[in-house]
Structure formats: C-alpha cells, structure tokens
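*Asks:* Attaching a single structure in structure tokens format; questions to follow.
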C-alpha cells in the first residue's frame, strides 16, 4: 500500500513553522496542537476579494490590501496608499469601499 504524503510546503502564518497538511475536505490546516488558529491558511485561501478595501474616516484611512500585494514586495509600494496619502482629504464620503485602479480615476464601490 502506498501512503500519500499530505504535507504542504510552506509555513503556518501563525508562526508554528512547517506544520501544514491537507486535512479533511482538502482544507490546508496546521498540525501543531497549540496553534491559535489552525484554519488560518484555509481562511486566507477562501478569501475571494481581489481588490483593495478602504475605510475612510475624517482625517484618516485604512486599507485592507489584496493578498497579491504580498508577492514581490508590492505591499511596500502600494500605489493606492501613496495616492491616498497625497490627498488633501477623503476622496469620498466616510465609509467602507472596494477600490479599483487607476486610483485618480478609480471606481469607489461603497460596501455595507
């Protein structure tokens, strides 16, 4: 009988190390018994959002960046963050938005 290796190459995002495996239903799971969030990778992989989510408030903003910006260090040079930092005030009414490029002429889709 051949036993298939269900280990996953990579690291648990909670800092547990190389402890990932493919669990029931194909979910990537951490095998460390004390992991505070063994389903973290599965939750990250289930995220469908591919755009920036921006919360605008008077005098400040926060951005949830799409996962792709972790590739190649793009998170450190996010053009949306740069563009928002250069504005004199919020480009839209306070609220939560999905934002698509190009940012100067971007589509701001209000979210609930």
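In this note's numbering, the protein residues as written are 132 to 243. We treat Cβ as the ideally placed atom computed from N, Cα and C, and that holds for glycine. Computed from a predicted model, the values in this text were never measured in an experiment.
(1) Locate the alpha helix (DSSP H) running through residue 212, then write down its first and last residues.
(2) Quick one: using the 10 Å Cβ neighbour count with 16 as the cut-off for buried, is residue 167 buried or exposed?
(3) Quick check on DSSP: helix, strand or coil for residue 168?
(4) Note the first and the last residue of the continuous beta strand (DSSP E) segment covering residue 178.
(5) Need the endpoints of the beta strand (DSSP E) that residue 155 sits in, please.
(6) Considering residue 263, what are the terminal residues of the beta strand (DSSP E) in which it resides?
(7) Of the choices 150, 199, 220, whose alpha-carbon is the least far from that of residue 176?
(8) What's the gap between the Cα of residue 189 and the Cα of residue 222?
(9) From 163, 231, 170, 171, pick the residue whose C-alpha is nearest to that of residue 194; which is it?
(10) Got a sec? Which residues, its chain only, sit under 8 Å from residue 134 by beta carbon, not counting five neighbours each side?
(11) By the three-class DSSP mapping on this structure, what secondary structure does residue 188 have?
*Replies:* On the basis of the data shown:
(1) 210-217
(2) So residue 167 counts as exposed.
(3) coil
(4) Membership of residue 178 in any beta strand (DSSP E) is not indicated, and neither H nor E is assigned to it by DSSP.
(5) No beta strand (DSSP E) contains residue 155, which DSSP labels as neither H nor E.
(6) Because the chain here runs from 132 to 243, residue 263 falls outside it and cannot be looked at.
(7) 199
(8) 11 Å
(9) 231
(10) With a pLDDT of only 49 at residue 134, under the threshold of 50, the placement of this residue in the model should not be trusted; the figure read from the coordinates follows. Within the same chain, residue 134 has no close Cβ partners at all.
(11) strand
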